[in-house]
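2 protein chains.
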Amino acid sequence: MSLTIKDIANKAGVSITTVSKILNNKADDISDPTKKRVMQIVKKENFTLNSVARSLKTKKTHIMGLIIPDITNPFFPEIARGAEDAASELGYSLIICNTDDSYEKERKYINILAQKMVDGVIFIPSLTGKFHSDVFTKRKLPLVVLDRNFDYSCIWGKVMVDNFCGAYEAVSYLISKGHKDILFLSAFKEHKNSQERYEGYKKALEDNNIEFNEQNVVYGKYKSQFGYESIKNFVKEKKRFTAVFCANDMIAVGAIQALKELSLKVPDDVGVVGYDDIQMARYTDPPLTTVSQPKYDMGRLAVEMLAELIKKPKKKGQLVQTLESKLIVRKSV
Amino acid sequence: MSLTIKDIANKAGVSITTVSKILNNKADDISDPTKKRVMQIVKKENFTLNSVARSLKTKKTHIMGLIIPDITNPFFPEIARGAEDAASELGYSLIICNTDDSYEKERKYINILAQKMVDGVIFIPSLTGKFHSDVFTKRKLPLVVLDRNFDYSCIWGKVMVDNFCGAYEAVSYLISKGHKDILFLSAFKEHKNSQERYEGYKKALEDNNIEFNEQNVVYGKYKSQFGYESIKNFVKEKKRFTAVFCANDMIAVGAIQALKELSLKVPDDVGVVGYDDIQMARYTDPPLTTVSQPKYDMGRLAVEMLAELIKKPKKKGQLVQTLESKLIVRKSV
DNA sequence: ATGAAAGCGCTAACAA
DNA sequence: TTGTTAGCGCTTTCAT
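Protein sequence lines, in the order shown, are assigned to chains A and B. Our numbering puts the first sequence at residues -18 to 314. Our numbering puts the second sequence at residues -18 to 314.
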């Protein structure tokens, strides 16, 4: 077994209280000599308080849960990194959970995290539309929701990105480059993020006196395949378009591939803009112009907000933080 | 406060021992009626044992630490996913730590994980060459090392990939396609993985009666910039080459970019093969032929091995598992 | 078939 | 300035 506070106390010839105080920086009333003596032993033994025991007493584990759809999806690693960096700086550890956007897995993980007594959780909910208010409420789990917007009273805080503006800027840019027939390869129709982007897309057209055409927007998954197939379909149906605005970069990658196969040049024949600015966007051919989401900061802010909320819970209402996205101009338009 | 086992016991009119037994599947000697009664209450209240208290008693937290260089590096998310999936299946949670290959961060995280009483850790050590045997030994932390090979007695298990064969296969393939002047853009010279690949590269040349030329291998970082600059240098110095074997896919991406700028066609003028098969490799132009490492399985096996080792520690020697890589032929050769 | 009680390693109120 | 002690929520041995 490893050492306990008792062992240290014995070695130093003091009580465990004394050791505890010293190790918790509450040693104002401990004399310098004893302090020094204890610290020497602590250092020599590389002693560290057992945080399980400590947590049992203090009701704080200094662990946060991070529940995301899939770390393998290139959108999430940067978020996770931002979260972990901030957590580490604030003295927290991060338990990571992949849900694959499955309702059941979400539930399972939330319960496990609650059981493990994490101090709070950062949650990127699935787009299934079902939430887990019951368990969050029952468990009284400090909860900040990230990226995907939901309204439930069990949510303590949110950090979101302005999807309307992101889409608006992207489409405006396309228009400024002379494009009028702009496809929108969107994702889940039911989802707020999609709807906001839809509004941004529409507004950009309107503001430039371009007629909006419902036929130009199509819904699918955040996968390259969706981009690929959509383009093929549009071309097969002889729809006219000179640009395509994609709900994420993977869709754009698929679109570009399809375009290439159809001998349509990007950006000469058709302009493409993506969304998210994943790493790959730099390396596509041509490099992808895309709406960059502040992924790292999203993760970082979420845990900072959560830490804040853990320290002083807001009695009513929720904290909301909305970040800006930014158009990264490369070569695909 | 949330409910405790005591509350449940009270509600059911039984002792906490009884509830504990039932919740731990040690209720052979409890009558069915009481069992049923207790379970009903448990279900109704969505009760769950406090695992902090439980851990204090049982000395098991059912948490593992995963220490990797950087989740943002496309090599690691799949490993993390494999690890997390396996952990979840085996009843473990995973705390994730990013070290940026920094010795200090590694140390800090190892200590924190030990203090948090994790049941074990999966560790992808930095290439700094310095290990942390002292703290691993002192803490008696079950440790499995992943991907990067080290020999220390504090290591309980290793899961590695056969780098010699990976390189051998890649270079042989290049040769089979008629290449003779093959550059090797390697990484850390001091590191075992690099050395093994170096041997594989050399052996493939030898076995095909091609003279090995030390000038053709160059060392750098796992970054696209290294690939980019190396190619530019080689061309500037008018070195002859028709193919390049890269220590990872990012290097290959950089190499391809440089080649493009020099109006050298891939694969017509020069063949390129990468290493790792990150997602991006599918989408480069042309799609990259590369040595695929079984990333997901590496993560998975590492936690399975660790779980095994936690259950029954091997008294002497270490568990070693070596996986195979596989050449993925796409269009860059 | 069920329960009482000790103890895991720590913190903190209180006493000395 | 330092120490005694109760108790956090649980598991487990031993009685009953």
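For each residue, glycine too, the CB sits at the ideal point set by N, CA and C. Since the model is a prediction, treat every value here as computed from it, not as a measurement.
Taken in chain order, the whole beta strand (DSSP E) runs of length 3 or more contained in the region 259 to 299 of chain B are 270 to 273.
The distance from the Cβ of A/Leu287 to that of A/Met45 is about 6 Å, consistent with a contact at the 8 Å cut-off.
When CB distances to chain B are screened at a threshold of 7 Å, the residues of the region 252 to 279 of chain A falling below it are Gln260, Met261, Tyr264, Thr265 and Asp266, in chain order.
The shortest CA-to-CA distance from B/Lys119 to any of B/Gly208, B/Cys135 and B/Lys297 is the one to B/Cys135. In this chain, B/Val99 is not harboured by any alpha helix (DSSP H), its DSSP state being neither H nor E.
Distance between A/Ile(-14) and A/Ile49, taken at the CA atoms: about 38 Å. DSSP places A/Tyr179 in the uninterrupted alpha helix (DSSP H) bounded by Lys173 to Asp188. Around the beta carbon of B/Arg221, a 10 Å sphere encloses fewer than 16 other beta carbons of the protein chains shown; the residue is thus reported as exposed. The C-beta distance from B/Val225 to B/Ala67 rounds to 36 Å, too long to fall under 8 Å, and the pair is not in contact. When rounded, the separation of the alpha-carbon atoms in A/Gly235 and A/Thr270 is 14 Å. Under the three-state reduction of DSSP, A/Asn79 is assigned to strand.
Nearest C-alpha to A/Leu186 among A/Glu150, A/Thr(-2) and A/Ala64: A/Glu150. Within the region 37 to 61 of chain B, the residues whose Cβ lies closer than 9 Å to some Cβ of chain A are Leu37, Lys40, Thr42, His43, Ile44, Gly46, Leu47, Asp51, Ile52, Thr53, Asn54, Pro55, Phe57, Pro58, Glu59 and Ala61, listed in chain order.
Annotation for B/Val254: the continuous beta strand (DSSP E) segment containing it runs Gly252 to Asp257.
When Cβ pairs closer than 8 Å are counted between the two stretches, the region 296 to 310 of chain B is seen not to touch the region 75 to 94 of chain B, the count staying below three. Using beta-carbon distances, A/Lys97 counts as an interface residue toward chain B, with a partner under 8 Å. DSSP, read as helix, strand or coil, puts A/Ile48 in strand. Counted as a single uninterrupted DSSP element, the beta strand (DSSP E) harbouring B/Phe165 occupies residues Ile163 to Ser167. For the pair A/Asn197 and A/His160, the Cα-to-Cα distance works out to about 13 Å.
The C-beta of A/Gly138 has 16 or more other C-beta atoms within 10 Å across all chains shown, which makes the residue buried. Rounded to whole angstroms, the gap between the alpha carbons of A/Asp266 and A/Glu289 is 43 Å.
A check of alpha carbon separations from B/Ser153 across B/Thr223, B/Asp82 and B/Lys184 identifies B/Lys184 as the nearest.
Residue state for A/Val247 is assigned as coil, using DSSP reduced to three classes. Taking a Cβ-Cβ threshold of 9 Å, none of the residues of chain A is close to B/Asn(-9); the smallest such distance is about 19 Å. DSSP places A/Val(-5) outside both helix and strand once states are collapsed to three, so it counts as coil.
In this structure, A/Asp257 is the residue among A/Ile22, A/Lys293, A/Asp257 and A/Val216 with its C-alpha nearest to the C-alpha of A/Arg178. Taking 8 Å as the cut-off, the Cβ atoms of A/Met231 and B/Val33 do not count as close.
Taking every protein chain shown into account, the CB of B/Asn174 has 16 or more other CB atoms within 10 angstroms, so this residue is buried. Residue-level contact by beta carbon holds for A/Arg120 and chain B, with a gap shorter than 8 Å. As the crow flies, the alpha-carbon of A/Lys276 is around 8 Å from that of A/Phe56. Within chain B, no residue has its beta carbon less than 9 Å from that of A/Ala239; the closest one is some 13 Å off. With a cutoff of 8 Å on beta-carbon distance, A/Ile156 and A/Asn189 are scored as near each other. The beta carbon of A/Met141 lies closer than 6 Å to those of Asn130 and Thr303 in the same chain, with the five residues before and after it left out. Here the C-alpha atom of B/Lys2 lies approximately 27 Å from the C-alpha atom of A/Phe117. A direct Cα-to-Cα measurement between B/Gly208 and A/Glu26 gives close to 47 Å. For A/Gly208, the enclosing alpha helix (DSSP H) covers residues Ser205 to Lys217.
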